[in-house]
Amino acid sequence: MPREMTVLEGISSLRSVRKFTPDQVPEGKLRIVLESASKAASGSNTQPWEFVVVRDTKMKTRLKEPMLRTWLERLASGSGMSQRMRGVYDDATEMLRNTEKVPVIIYCCVDLDRVGKSEEVRYASIYPAVQNLLLVAHALGLATCLTVHGSTPTRGEPEVKKLLGIPEHVKIACLVYLGYPAVRLGRPKRKPIEK
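With the working numbering as the guide, the letters of the sequence shown map in order to residues 31 to 225.
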């Protein structure tokens, strides 16, 4: 049996992966990932998160359309992009074009009825849950990519919410592509904390 990853090892080796194998994620692993996300700290213990899991290929194809269309519109309106950013955006475009091939998409949402009315704190509790999700998936040998496609009006959110039946009082904060990595990446490069 392989040695379990420590939290520090997980944090220092977590990478965003945009290419996945077609292998399905077992239900047991997905359950562990979601349960771990739900154990995160939250303001006043509100636990305002909701996770919408999409595995169905036809639904992923339908979701891809508004996310890809709005992404390409954003790219067309941008100018003066650095070569480095162009590469990042090209990778993101390829990932979006292949949305239906990703084994699992998890829409990470906030129930606005369960959080404070202050704009400053509305989304503060979802991101610790998402970080738990990313780290536990990594520890289980899964790969993830956190993105905001489909999470704002300019990124297709109204259409995505309608397709998924997400009510008005629930806001998509981000989504996570989840599956087994088709590529192996080294440790991420990070700036020293002194910078």
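Quick reminder that beta carbons are idealized off the backbone N, C-alpha and C, glycines included.
Using 8 Å as the threshold, is the segment 133-145 in touch with the segment 38-45, meaning 3 or more CB pairs across them? They do not touch, by the three-pair rule.
Inter-residue Cα distance where the pair is Ser72 and Glu80: Going by the C-alpha atoms only, they are around 13 Å apart.
Same chain, Cβ closer than 7 Å to Glu189, neighbours up to 5 away in sequence not counted: In its chain, beyond the 5 residues on either side, Pro96 have a beta carbon closer than 7 Å to the beta carbon of Glu189.
Reduced DSSP category for Val166 - H, G, I as helix; E, B as strand; rest coil: Helix.
Between the segment 44-56 and the segment 168-184, are three or more C-beta pairs nearer than 8 Å? Counting Cβ pairs under 8 Å, three or more are found: they touch.
N-terminal and C-terminal residue of the alpha helix (DSSP H) that Val82 is part of: Note, Val82: premise wrong, no alpha helix (DSSP H); beta strand (DSSP E) at 79-84.
Exposed unless 16 or more other CB atoms sit within 10 angstroms - verdict on Leu102: Here Leu102 is exposed, its C-beta having fewer than 16 other C-beta atoms within 10 Å.
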